[in-house]
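In the working numbering, the protein residues as written are 166 to 288.
All C-beta atoms in this analysis are idealised placements derived from N, C-alpha and C, irrespective of residue type, glycine included.
As the structure is a prediction and not an experimental result, all values here were calculated from the model.
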């Protein structure tokens, strides 16, 4: 059975990080407000978390918070740990983790599971 590059979780996570990076650039360029930035990063983190395992999903949520705080709330990548920033951190990480845990298992997951089973196994 032939494997594809998209079967590798780290590659899918890389695409998720690229999505977050592109969104940060767009939101910083347009000087978006906090509500638009938070909504955008929540959607991007949830979308990316659909395709990766739990650990990568947590890292995506953490990166989403970094981009949100550094380029939408503040400017020039400056991070802060004010009360509202910590709330955004908790929200983005919790959402990403929840999506990764609750997502339906797709074709990539079943293909990977099939490859791990010995030939002829019906488990």
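Contacting residues, own chain, Cβ-Cβ under 6 Å from residue i (five flanking each side not counted)
i: residue 216; result: 177
i: residue 222; result: 214, 261, 262, 265
Alpha-carbon spacing of residue i relative to residue j, whole angstroms
i: residue 255; j: residue 218; result: 19 Å
i: residue 232; j: residue 189; result: 6 Å
i: residue 241; j: residue 184; result: 19 Å
i: residue 234; j: residue 225; result: 14 Å
i: residue 248; j: residue 201; result: 19 Å
i: residue 220; j: residue 175; result: 10 Å
i: residue 171; j: residue 191; result: 26 Å
i: residue 270; j: residue 180; result: 19 Å
i: residue 250; j: residue 239; result: 10 Å
i: residue 237; j: residue 182; result: 17 Å
i: residue 173; j: residue 252; result: 32 Å
Per-residue DSSP class, three states only, for residue i
i: residue 236; result: helix
i: residue 172; result: helix
i: residue 177; result: helix
i: residue 195; result: helix
i: residue 189; result: helix
i: residue 211; result: helix
i: residue 224; result: helix
Sequence-distant residues of its chain with Cβ nearer than 7 Å to residue i (five each side left out)
i: residue 243; result: 235
i: residue 203; result: 233, 253
Close Cβ partners of residue i (< 8 Å) along its chain, the five nearest in sequence each way excluded
i: residue 211; result: 260, 261, 264
i: residue 257; result: 206, 207, 210, 226, 227, 229, 230, 233
i: residue 268; result: 214, 215
i: residue 186; result: 232
i: residue 245; result: 234, 238, 239
(message) For the region 167 to 174 against the region 194 to 206, do three or more pairs of beta-carbon atoms, one drawn from each stretch, fall closer than 8 Å, so that the two count as touching?
(response) For the pair of segments examined, the region 167 to 174 was found not to touch the region 194 to 206: the number of CB pairs separated by less than 8 Å stays below three.
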